[in-house]
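**Q** Following the numbering used here, the numbering of the sequence shown begins with 11 at its first residue and continues without gaps. Pasting a structure below so you can have a look.
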Amino acid sequence: MLSNFIDQFWPSTIDGLSLGAIYALVALGYTMVYGVLRLINFAHSEIFMIGTFAVVGALEVLGISSPLGTLPLIGLMLLLAVVAGAASGGAAVLLELVAYRPLRKKGASRLAALISAIGASLFLQQFFALVVIPVLFDRPKEGGRLPVQSNDFADPVAIRSLFGLDISDMGLRSDKIIIFVGAILMMVALDQFVSRTRLGRGIRSTSQDPETAVLMGVNIDRVVTVTFALGGAMAGVAAALYMMRFEETQYMVGFLLGIKAFTAAVLGGIGNLRGALVGGLTLGLLEMYGSSIFGAEWRDVVAFTILVLVLMFRPTGILGESLQRARA
11 MLSNFIDQFW
21 PSTIDGLSLG
31 AIYALVALGY
41 TMVYGVLRLI
51 NFAHSEIFMI
61 GTFAVVGALE
71 VLGISSPLGT
81 LPLIGLMLLL
91 AVVAGAASGG
101 AAVLLELVAY
111 RPLRKKGASR
121 LAALISAIGA
131 SLFLQQFFAL
141 VVIPVLFDRP
151 KEGGRLPVQS
161 NDFADPVAIR
171 SLFGLDISDM
181 GLRSDKIIIF
191 VGAILMMVAL
201 DQFVSRTRLG
211 RGIRSTSQDP
221 ETAVLMGVNI
231 DRVVTVTFAL
241 GGAMAGVAAA
251 LYMMRFEETQ
261 YMVGFLLGIK
271 AFTAAVLGGI
281 GNLRGALVGG
291 LTLGLLEMYG
301 SSIFGAEWRD
311 VVAFTILVLV
321 LMFRPTGILG
331 ESLQRARA
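Laid out in structure tokens, this is it:
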């Protein structure tokens, strides 16, 4: 096992970073909503799923039928990120208006909101399985599942050299670089938005003390809407990057990935934007390292073992700093 880990170290590291970057983007939605409302939005995984369907729809409208090279792929990914981000962000705002805001206005308990989140998650899954896939995408039911597969649109190019070094055996490809760099840029942009803009200050103040924030003129409903929109948009960008890597989706695609993204948020420190980045990348690396040691079938076991251990021994996560304490 150790020799296999050593042999696969660099490919596992590159795969882990690209996969962890996707986890981190989705984890941002969990951590932002928790930071503001102290709510675990379990329907966020379906917001990610909606983003993947938006990518499939966009590809079919564009008629992409052959793989693209690196530069055209970057341009296409920017377009798909915008489309998926808008679809997921809009869906997240609608989710807040329908499933959470009425409960918040009535002063319902957090348990009621949590049950509403689970119900919304199940509803969205079945709605896409029974209505969206057969009606909009005209896909047949196969083996009890309703897959939606897109045409191949990525033609990843292996990076042969870097700074004059031969890295052809490391598994470094253009699509993985695009995923990692794109995710990092989005997370930096979100961090700067929350730290430096007026709306960002409103998000932090609402997270710290909602009552005082209202007295200072902060519109709580607007802050909550922006929070869901930003978290949903990040999930949409993650969906576009995910589709470039895996090129297929189905109505349950967000279930397992959503749990792992939640694990990443807890690992980094729930409510901490930078913690989501650290947690996502760490989880992706540990998953791939675990796969190289124990086998690919143990990858999910590694992720959930990490979640249990973090909750047992460091429930505040690696960084532990909440959104409300983010520096101005």
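Using N, Cα and C, we set each Cβ at its ideal position, and we do this for glycine too.
Between the Cα of R232 and those of R211, P21, Y252, T315, spot the shortest distance and give me the residue it belongs to.
**A** Among R211, P21, Y252, T315, the Cα nearest to that of R232 is on R211.
**Q** Give a yes or no on whether the C-beta atoms belonging to I60 and A101 are separated by under 8 Å.
**A** Cβ distance < 8 Å, so I60 and A101 count as in contact.
**Q** For P112, which residues in the same chain have their Cβ closer than 8 Å to its Cβ, ignoring the five residues on either side in sequence?
**A** Closer than 8 Å at the Cβ level, and outside the excluded window around P112, lies no residue.
**Q** Taking buried to mean at least 16 other C-beta atoms within 10 Å of its own C-beta, is T216 buried or exposed?
**A** Label assigned to T216: buried.
**Q** If you draw a straight line from the C-alpha of G99 to the C-alpha of S13, how long is it?
**A** Near 45 Å, if we compare the C-alpha coordinates of S13 and G99.
**Q** What residue does the beta strand (DSSP E) around T259 start on, and which one ends it?
**A** T259 -> beta strand (DSSP E) spans 258 to 260.
**Q** Could you tell me the boundaries of the alpha helix (DSSP H) in which Y40 lies?
**A** Looking at the DSSP string, the run of the alpha helix (DSSP H) that includes Y40 is 19 to 47.
**Q** With three or more C-beta pairs closer than 8 Å as the rule, is the segment 182 to 194 touching the segment 15 to 35?
**A** Yes, the segment 15 to 35 is in contact with the segment 182 to 194.
**Q** Rounding to the nearest angstrom, what Cα-Cα distance links T235 and N229 in this structure?
**A** Rounded to whole angstroms, T235 to N229 spans 10 Å at the Cα level.
**Q** Can you have a look at L89 and say buried or exposed, based on whether 16 or more other CB atoms are within 10 angstroms of its CB?
**A** L89 comes out exposed.
**Q** What three-state label does DSSP hand L182 in the structure shown?
**A** Coil.
**Q** Measure the C-alpha to C-alpha separation of G73 and A64 and round it to an integer number of angstroms.
**A** Using only the alpha carbons, I get a separation of about 14 Å.
**Q** Grouping DSSP H, G and I as helix and E and B as strand, with all else coil, what is L329?
**A** In the structure shown, L329 sits in coil (DSSP, three-state: anything other than H, G, I, E or B).
**Q** Only counting the same chain, and skipping five residues up and downstream in sequence, which positions put a Cβ closer than 6 Å to that of A286?
**A** Cβ neighbours of A286 beyond the five flanking positions: A34, A37, L38, T41, A275, G278.
**Q** Would F19 and E106 qualify as a contact pair, given that the criterion is a beta-carbon distance under 8 Å?
**A** No, these two residues do not count as a Cβ contact at 8 Å.
**Q** Among residues of its own chain, excluding the 5 on either side of L56, which ones have a beta-carbon nearer than 7 Å to its beta-carbon?
**A** The amino acid at residue 56 is misidentified as Leu; the sequence shows Glu. S131, L134, Q135, G264.
**Q** Check whether the Cβ atoms of G26 and E297 sit closer than 8 Å, and answer yes or no.
**A** Yes, these two residues count as a Cβ contact at 8 Å.
**Q** Determine the burial state of S22: buried for a count of at least 16 other Cβ atoms within 10 Å of its Cβ, exposed for fewer.
**A** The residue is buried, with at least 16 neighbouring Cβ atoms inside 10 Å.
**Q** Taking F137 as the reference, which of M87, Y261, F323 has the closest Cα?
**A** The shortest C-alpha separation from F137 is found at Y261.
**Q** Please tell me whether G95 and V247 are closer than 8 Å, where the distance is taken between their beta carbons.
**A** For G95 and V247, yes; Cβs fall inside 8 Å.
**Q** Run through the segment 70 to 128 for me and flag every whole beta strand (DSSP E) of 3 or more residues, listed as ranges in chain order.
**A** Those beta strand (DSSP E) runs which fall completely within the segment 70 to 128 and span 3+ residues do not exist here.
**Q** If you measure from the beta carbon of F323 to each beta carbon in chain B, is any gap under 8 Å?
**A** No chain B is present in this structure, which holds just one protein chain.
**Q** Buried or exposed: F323, going by 16 or more other Cβ atoms within 10 Å of its Cβ?
**A** F323 comes out exposed.
**Q** May I have the straight-line CA-CA distance separating M87 from V198, to the nearest angstrom?
**A** Their Cα atoms are separated by approximately 18 Å.
**Q** Whole angstroms is fine: what's the gap from P325's alpha carbon to F203's?
**A** So the alpha carbons of these two residues sit roughly 27 Å apart.
**Q** If you drop the 5 nearest sequence neighbours on each side, which residues of the same chain put their C-beta closer than 8 Å to that of I328?
**A** L277, G278, G279, G285, V288, G289, T292.
**Q** Give me the Cα-Cα distance between V320 and K270, rounded to the nearest whole angstrom.
**A** Cα to Cα, V320 sits roughly 13 Å from K270.
**Q** Any idea if R214 is buried or exposed, counting beta-carbon neighbours within 10 angstroms, 16 or more meaning buried?
**A** R214 is buried by the Cβ-count criterion.
**Q** I'd like to know whether the C-beta atoms of L317 and T273 end up nearer to each other than 8 Å.
**A** In contact: L317 and T273 (Cβ atoms closer than 8 Å).
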